[in-house]
Each structure stands twice: as structure tokens, then as C-alpha cells.
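**Student:**
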Amino acid sequence: MGKLTKEQIMVGAEMVKRGTSVRRVAQQYGVSEGTLRYQMRRAQEVRPDGRSLQPTALDGLEGAVTAILERLDDGRRQGEGRPAQARQVCELLRRDYGYRGSYQAVVRHLRRRFGVPPVRALRRVETPPGVQAQHDWFEAEVRFRGNEWIPVNMLVGTLSHCRARFCWASFEANQLAWHTGHLSLFGQYGGVPLWVRIDNLRTGVVRGGGPTAVLNHAYAVFARECRFEIDPCRVRMPSDKGKDERSVRICRDAFGDLFHETWSTIESLQLSLEERSRQLMDRLRCPVTGTSVREAFESERLVLQPLPHLSEPFDLVVARRVHRDCLVSFEGRRYSVPFAWVGRSVEILGTVHHVVIRGEGREIARHARHTRERLLIDPSHYEGESTDRVIRPTPLGLRGRLQVAGLSGASQRTLLLLPERVSRPLDLYVRVVEAAR
1 MGKLTKEQIM
11 VGAEMVKRGT
21 SVRRVAQQYG
31 VSEGTLRYQM
41 RRAQEVRPDG
51 RSLQPTALDG
61 LEGAVTAILE
71 RLDDGRRQGE
81 GRPAQARQVC
91 ELLRRDYGYR
101 GSYQAVVRHL
111 RRRFGVPPVR
121 ALRRVETPPG
131 VQAQHDWFEA
141 EVRFRGNEWI
151 PVNMLVGTLS
161 HCRARFCWAS
171 FEANQLAWHT
181 GHLSLFGQYG
191 GVPLWVRIDN
201 LRTGVVRGGG
211 PTAVLNHAYA
221 VFARECRFEI
231 DPCRVRMPSD
241 KGKDERSVRI
251 CRDAFGDLFH
261 ETWSTIESLQ
271 LSLEERSRQL
281 MDRLRCPVTG
291 TSVREAFESE
301 RLVLQPLPHL
311 SEPFDLVVAR
321 RVHRDCLVSF
331 EGRRYSVPFA
341 WVGRSVEILG
351 TVHHVVIRGE
361 GREIARHARH
371 TRERLLIDPS
381 HYEGESTDRV
391 IRPTPLGLRG
401 RLQVAGLSGA
411 SQRTLLLLPE
421 RVSRPLDLYV
431 RVVEAAR
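Heads up: the sequence shown is residues 1 to 437, going by our numbering.
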């Protein structure tokens with residue numbers, strides 16, 4: 001006589017319930033009638049699992065678990081809402097109650113108490129061409145001249161529709177590198193998508209995640225200048241940028257041999273990364289279009305927005321009000337702006353080498369950045385005609401012009417030959433006067 005499986009017992013019980021005789025069902029299974037009756041009776045009995053009767057690491061901590069679930073507002077207590085994370089419950093037990101058991105013991109305890117939690121289905125989203133790109137960092141060890149292994153940050157960009165993947169290499173992963181990497185990726189795309197989905201890294205998000213995230217101000221201004229919108233992922237939800245997560249794995253494999261070569265500069269590495277990206281597009285297939293990634297990419301780049309006109313990336317953006325002395329403060333220094341902006345707010349951008357001051361969307365002043373000097377003044381910012389709201393500063397008198405030019409009173413006669421209103425750099429006039437002595 002054969003042995004009955006659980007499925008056979010369940011089917012047999014259902015047949016008997018619908019009116020088929022036990023003898024006939026037993027004949028079909030090739031077992032005796034008594035065997036079938038015995039197996040169906042055992043299947044209906046509720047027998048506790050012997051393992052559930054054994055002591056666990058949570059014995060005596062049931063009240064602690066209840067208190068933690070109340071603190072975390074666990075939805076299972078009321079029968080609705082999201083359950084608390086078992087990992088978080090375990091950490092609180094260890095921190096506050098001296099729990100020394102395993103994480104799996106906490107999982108088993110919660111499942112015995114509330115049952116197995118339901119599985120949440122994932123929504124698969126495919127965006128139209130030109131709509132979304134996903135950007136994220138990964139780190140690779142790269143060999144440079146002298147056989148020195150140096151960690152290099154790789155910014156991976158993926159066009160979500162066509163799956164075209166590109167990399168930008170940098171020794172830094174700061175705010176300036178984040179913006180510069182975006183510009184490089186946009187250049188490799190041949191345009192700018194409408195949205196860029198990012199993880200919750202500090203160069204993109206100050207706090208939070210998803211639709212309620214507080215964006216990094218410098219990155220928000222950068223996105224405004226490049227004409228794309230920022231789409232942060234939800235916290236601890238890597239599936240929100242699954243295409244870029246997969247791109248990281250693909251790039252590690254496809255570019256792995258490049259990381260083991262010896263490079264003289266990071267620029268030479270970058271050129272090879274771009275060439276390898278173009279080769280990769282011919283090998284891979286776009287699941288949305290069914291064509292090669294290259295064919296899908298050539299179609300998508302036609303609908304991307306034009307490349308931004310940013311001449312240089314910036315890592316810091318602040319708003320400042322111009323004081324009556326035509327100065328604004330930035331990074332512990334003071335910089336001059338044209339006097340017509342006194343009392344108005346201006347936007348200050350910190351680039352690699354310059355402090356760029358903008359008003360009404362245009363550049364109104366530029367100074368060197370990170371200088372030893374703490375006060376940087378352009379004398380031309382104090383010249384010009386009065387406006388409706390600001391009267392021009394008092395013009396320099398004769399003595400003032402002499403002193404600003406670095407001249408003595410003996411040079412007065414020569415200075416009188418200069419125009420009353422200085423329109424050229426004063427150091428040029430200094431050289432003229434000194435030559436005339």
C-alpha cells in the first residue's frame with residue numbers, strides 16, 4: 001500500500017465531503033478504507049509542534065516586547081496598520097532589556113504571536129523616454145601610476161527607459177563632485193531628463209526621504225539651473241531605484257578589468273569608462289523596446305531637454321542682503337557688489353575658484369574664492385549713476401583719489417590730468433603717474 005501525501009488526503013476529504021464514498025476514494029488511491037479514514041482523521045486533529053513547547057530566549061520578556069510594540073505603534077495590536085520591523089524590536093530589546101538572544105528568535109516570537117505577516121506586492125514602473133534618470137555612487141579600488149591602489153568614487157547614471165548606463169569617476173564625493181558628476185552624465189546622455197531619482201545622501205537630501213524629503217539647497221538650485229526635478233527615494237527602500245542598483249552590479253562586472261589596469265590620471269580612466277559604456281549598449285537589450293540598448297538610447301536622447309548652460313558647477317549657494325557699504329558676507333569674507341543692489345537680496349554661488357554673485361538670475365559680481373584676504377573690493381562697484389532707490393556713493397575727492405591711487409600730494413598736478421570719474425583700474429593710473437614723476 002502506498003503512502004498518502006498531504007495533497008491526496010486533502011483532495012480525498014473534499015471528495016468524501018461532496019458525496020463520494022470513502023471506499024471508492026480509497027480504491028482510487030490504492031489504499032485500504034481504514035487507512036484513508038485514519039489519515040483524514042489525523043489531518044483534522046490540531047497537534048501542537050513539539051518545538052513550540054520548548055523554552056526560547058524571549059521567555060520572560062513578553063511584557064518587554066509588548067511595551068516596545070506600543071512604543072513603535074505596531075499596527076498588528078489593533079489589527080490594522082503597518083507592523084514594526086523585527087530588526088528594530090530586536091535592537092530595542094538588546095539596548096533596553098539586556099536581551100542576548102538572536103534576531104531569528106525575535107522573528108519566531110512575533111510570528112507565533114501574530115502569525116506570518118502578509119507579503120506586499122511590488123509595483124513595476126516603466127517611464128516614457130526622456131522622463132527619468134537614476135543616479136547613485138559606488139566605490140571601486142583603482143590602480144594608478146606607482147601601483148598604488150586608490151579608492152575612486154563612481155557616479156552611475158541610468159536612463160530608466162532605454163537602460164543606457166554611464167559612469168563618472170572622482171576622487172571626491174562632496175557637493176561639488178555631485179554637481180560636476182551630474183553635468184558629466186548629462187553630457188554623456190546628450191541632454192537632461194525631466195526627473196532625476198536619487199538616494200537619500202547628504203549632497204541631495206538634508207533629512208527625510210520620498211515626497212516629504214527636505215532637499216539640499218545647493219542641489220535644489222543646481223536642479224533649477226539644469227531644468228530637472230529631484231525625486232528622492234523613500235527611506236530604506238532600495239527597490240525605488242532598482243534600475244540603478246542593477247546598473248551598479250553590471251558596471252562592477254563590465255568595468256572590473258579597467259579598475260585593475262594602471263592609470264596615469266583619472267581623466268584617462270574616464271575616457272575608457274565612456275568607451276566601455278558605449279560598447280555595453282551594443283551587448284545589452286532594452287526590455288521595454290525589445291531592441292538593443294543603443295537603438296533605444298538613440299531614440300530617447302532625441303526627446304531629452306537641451307544641455308544646461310552652466311559654465312562651472314558650484315557646491316554652495318546662499319542668499320544674502322547687500323549692506324549699505326555694498327558688501328555681502330560669505331565664508332568668513334566680505335565681497336563688494338554694485339551699489340545699485342544695496343538693501344536687496346542676492347544669490348551667492350561658491351564655485352571651484354570663484355565667488356559668483358547673482359541678482360535677478362544674472363551675474364552681477366565675481367571674486368576669487370578661498371583667498372587670504374578677508375575683504376575683496378572692486379572699486380568699479382562704487383561708480384555709476386544713482387537709481388530710483390539708491391543714491392550713488394559720494395565721489396572720491398582729490399585727496400581721496402590721491403590716497404587710493406597710492407600717491408602723495410606732490411603728484412597732485414599729474415593727477416589733475418586724470419578724469420574726475422575713474423573708469424579704469426586705479427593701478428593703471430598709478431603706473432602712469434609714477435612714470436611721469
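All C-beta atoms, glycine included, are put in the ideal place defined by N, C-alpha and C.
(1) If we require 4 or more residues per run, which alpha helix (DSSP H) segments fall completely within the stretch 188-258?
(2) Taking all protein chains shown into account, do 16 or more other C-beta atoms lie within 10 angstroms of the C-beta of E126, making it buried, or fewer, making it exposed?
(3) Let me make sure I understand the geometry here. Which of R224, A105, A164 has the alpha-carbon closest to that of E275?
(4) Considering only the beta carbon of each residue, do L69 and G130 sit closer than 8 Å?
(5) Leaving aside the five residues before and after A365 along the sequence, list all residues of the same chain whose C-beta is less than 6 Å from its C-beta, in chain order.
(6) Any chance the stretch 172-186 sits against the stretch 320-334, with 3 or more Cβ pairs inside 8 Å?
(7) Please determine, among A319, T387, H260, the residue with the shortest C-alpha to C-alpha distance to N147.
(8) Under 8 Å: do the stretch 289-305 and the stretch 263-273 share three or more Cβ pairs, one atom per stretch?
(9) Would you kindly work out how many angstroms separate the C-alpha atoms of D231 and L349, rounded to a whole number?
(10) Any contact of the stretch 220-238 with the stretch 305-320, i.e. 3+ C-beta pairs under 8 Å?
(11) Going by C-alpha distance, which of A84, H381, G361 is nearest H367?
(12) Tell me the rounded alpha-carbon separation between C90 and E172.
(13) If you pair each beta-carbon of the stretch 58-73 with each one of the stretch 99-116, do three or more pairs fall below 8 Å?
(14) Measuring only the C-alpha atoms, how far is R236 from G384?
(15) Between which two residues does the beta strand (DSSP E) harbouring V156 extend?
(16) Comparing alpha-carbon positions, which option in L284, I198, R389, A405 lies nearest F138?
(17) Ordered along the chain, which non-local residues of its own chain (more than five positions away) have a Cβ less than 6 Å from that of C286?
(18) Exposed or buried, Q132, counting other C-beta atoms within 10 Å across all chains shown (16 or more means buried)?
(19) Who pairs with E139 in a beta bridge, going by DSSP?
(20) Using beta-carbon positions only, say whether T455 and W178 come within less than 8 Å of one another.
(21) I believe I9 touches A57 by the beta-carbon criterion, under 8 Å. Please report the beta-carbon distance rounded to the nearest angstrom.
(22) Determine the DSSP secondary structure at M1, reduced to helix, strand or coil.
(23) Counting only the same chain and skipping the five closest in sequence on each side, list residues whose C-beta sits under 6 Å from that of D378.
(24) In angstroms with no decimal places, state the Cα-to-Cα distance between K3 and R113.
(25) Just reading off the beta strand (DSSP E) that F114 is part of, what are its end residues?
(26) Jot down the residue ranges of each uninterrupted alpha helix (DSSP H) in the stretch 20-64, minimum 4 residues, whole runs only, in chain order.
(27) Cβ atoms of V206 and F228: under 8 Å apart, would you say?
(28) G208 to H353, Cα distance in whole Å?
(29) Using only CA atoms, which one of G115, C226, L402, E14 lies nearest to P306?
(30) So, W168 versus L155, is the Cβ gap smaller than 8 Å?
(31) Could you check whether V16 and V22 sit closer than 8 Å to each other, using their CB atoms as the reference points?
(32) In three-state DSSP terms, what is I266?
(33) For C286, report the span of its alpha helix (DSSP H) as first-last.
**Tutor:** The relevant details are as follows:
(1) 217-226, 242-254
(2) What you label residue 126 is simply residue 126 of the sequence shown in a count that begins at 1. When all chains shown are included, E126 counts as exposed.
(3) For the purposes of this step, residue 275 is identified with residue 275 of the sequence shown, where counting begins at 1. It is A164 whose Cα lies nearest to the Cα of E275.
(4) Walking along the sequence shown from the start, residue 69 turns up at place 69. Walking along the sequence shown from the start, residue 130 turns up at place 130. Cβ distance not < 8 Å, so L69 and G130 don't count as in contact.
(5) Taking the sequence shown and counting its residues from 1, the one referred to as residue 365 is at position 365. Excluding positions up to five away in sequence, the list reads V337, I357.
(6) Touching, no.
(7) Stepping through the sequence shown from its first residue, residue 147 is reached at position 147. When only C-alpha atoms are compared, the closest one is H260.
(8) Contact between the stretch 289-305 and the stretch 263-273 is absent: fewer than three C-beta pairs spanning the two stretches fall below 8 Å.
(9) Position 231 of the sequence shown holds residue 231. Position 349 of the sequence shown holds residue 349. Near 23 Å, if we compare the C-alpha coordinates of L349 and D231.
(10) yes
(11) On the sequence shown, residue 367 is found 367 positions in, with the first residue counted as 1. Ranking A84, H381, G361 by Cα distance to H367 puts H381 first.
(12) In the sequence shown, the residue the question calls residue 90 occupies position 90. In the sequence shown, the residue the question calls residue 172 occupies position 172. Inter-residue distance for C90 and E172 is about 36 Å (C-alpha atoms, whole angstroms).
(13) yes
(14) As a working mapping, residue 236 is identified with position 236 in the sequence shown. As a working mapping, residue 384 is identified with position 384 in the sequence shown. Using only the alpha carbons, I get a separation of about 56 Å.
(15) Working through the sequence shown from its first residue, we reach residue 156 at position 156. First-last of the beta strand (DSSP E) with V156: 148-159.
(16) Locating residue 138 in the sequence shown gives position 138, counting from the first residue. Of L284, I198, R389, A405, the residue nearest in Cα terms is I198.
(17) As a first step, residue 286 must be located in the sequence shown, where it is residue number 286. Correct list, in chain order: C162, R163, V293, A296.
(18) Working through the sequence shown from its first residue, we reach residue 132 at position 132. Label assigned to Q132: buried.
(19) Working through the sequence shown from its first residue, we reach residue 139 at position 139. According to DSSP, which records beta bridges pairwise, E139 is partnered with N153.
(20) A question about residue 455 goes unanswered here, because the residues of the chain that appear run from 1 up to 437.
(21) Working through the sequence shown from its first residue, we reach residue 9 at position 9. Working through the sequence shown from its first residue, we reach residue 57 at position 57. About 36 Å separates the Cβ atoms of I9 and A57, ruling out a contact at the 8 Å cut-off.
(22) By one-based count along the sequence shown, residue 1 stands at place 1. Note that M1 scores 48 on pLDDT, short of 50, meaning its location in the model is unreliable; the coordinates nonetheless yield the value given after this. Coil, per DSSP.
(23) Here residue 378 is taken as the residue at index 378 of the sequence shown, counted from 1. Answer for D378: S336, listed in chain order.
(24) As a first step, residue 3 must be located in the sequence shown, where it is residue number 3. As a first step, residue 113 must be located in the sequence shown, where it is residue number 113. Spanning the two alpha carbons is a distance of roughly 34 Å.
(25) As a working mapping, residue 114 is identified with position 114 in the sequence shown. Premise fails: F114 lies in the alpha helix (DSSP H), 103-114, not in any beta strand (DSSP E).
(26) You should have 22-29, 33-44.
(27) Here the question's residue 228 lines up with position 228 in the sequence shown. Here the question's residue 206 lines up with position 206 in the sequence shown. Their beta carbons are not under 8 Å apart, which means F228 does not touch V206 by this criterion.
(28) Position 208 of the sequence shown, counted from the first residue, corresponds to residue 208. Position 353 of the sequence shown, counted from the first residue, corresponds to residue 353. So the alpha carbons of these two residues sit roughly 32 Å apart.
(29) For the purposes of this step, residue 306 is identified with residue 306 of the sequence shown, where counting begins at 1. Among G115, C226, L402, E14, the Cα nearest to that of P306 is on C226.
(30) The residue you call residue 168 lines up with position 168 of the sequence shown. The residue you call residue 155 lines up with position 155 of the sequence shown. A contact, by the Cβ cut-off of 8 Å.
(31) Within the sequence shown, numbered from 1, the residue matching residue 22 stands at position 22. Within the sequence shown, numbered from 1, the residue matching residue 16 stands at position 16. Yes, the Cβ-Cβ distance between V22 and V16 is below 8 Å.
(32) Against the sequence shown, residue 266 aligns to sequence position 266. Helix.
(33) Translated into positions along the sequence shown, residue 286 becomes position 286. Run containing C286: none; DSSP gives neither H nor E here.
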